[in-house]
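Q: Let me begin by handing over the structure; questions about it come next.
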Amino acid sequence: MKNTPASPTSTEGVAALDRAIAILDAFTPADRSLGLAEIATRTGLYKSTILRLANSLMRGQLLERLDDGRYRIGPATFRLGALYQRSVVAMDVLLPIMRDLSERSWESVAFYVRSGDVRTCLYRVESKHP
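The numbering of the sequence shown is our numbering, which starts it at 53 and goes up by one.
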């Protein structure tokens with residue numbers, strides 16, 4: 053996750069999209085939800101900008117607004133994550149290898165991909181041994 057404000061003066065790309073991505077990037081695995089002020093602090097964006105972009109993100113189910121006014125990541129991110137997971141490596145090829153390795157080593161086995169300084173676990177096989 054990058055905690056740098058989206059640059060409104062960027063000459064490459066679309067500034068509004070950069071800001072929307074910054075809103076999604078504001079969430080960490082430790083966050084169940086974030087309030088408007090928290091998102092503003094983490095992104096450096098104005099609250100009015102966040103509100104406008106949040107409406108678009110909610111229409112795309114990338115963000116949800118809770119009854120208490122806080123926001124959480126929406127279900128479309130799960131679908132996109134699953135699509136990404138399948139595009140990286142064929143599960144039917146990788147999982148048998150991981151299961152075999154787990155059985156031989158008596159350890160859990162995980163497959164991660166790296167993007168910059170962040171790694172994401174795509175597959176995990178738990179050890180059947182105590």
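Where is the CB? At the ideal position from N, CA and C, for every residue including glycine.
Check this for me: beta carbons of Ser85 and Tyr123, under 9 Å apart or not?
A: Mapped onto the sequence shown, residue 85 falls at position 33. Mapped onto the sequence shown, residue 123 falls at position 71. Contact: yes.
Q: According to DSSP, which residues form a beta bridge with Ile125?
A: Locating residue 125 in the sequence shown gives position 73, counting from the first residue. Answer is Leu115, bridged to Ile125.
Q: Output yes or no for whether 9 Å exceeds the beta carbon distance between Thr129 and Leu76.
A: Residue numbering aside, residue 129 sits at position 77 when the sequence shown is read from its first letter. Residue numbering aside, residue 76 sits at position 24 when the sequence shown is read from its first letter. Yes.
Q: Between which two residues does the beta strand (DSSP E) harbouring Arg172 extend?
A: Translated into the one-based positions of the sequence shown, residue 172 becomes position 120. Checking the sequence, you will find Thr at residue 172 rather than Arg. Element bounds for Thr172: 170-177.
Q: Per the DSSP calculation, Leu69 is bridged to which residue(s)?
A: Counted from its first residue, the sequence shown places residue 69 at position 17. Per DSSP, none; premise fails for Leu69.
Q: Alpha carbons only, please: which of Thr172, Leu114, Pro127, Ala106 is nearest the one belonging to Gln137?
A: Reading the sequence shown from its first residue, position 85 is the one you call residue 137. When only C-alpha atoms are compared, the closest one is Thr172.
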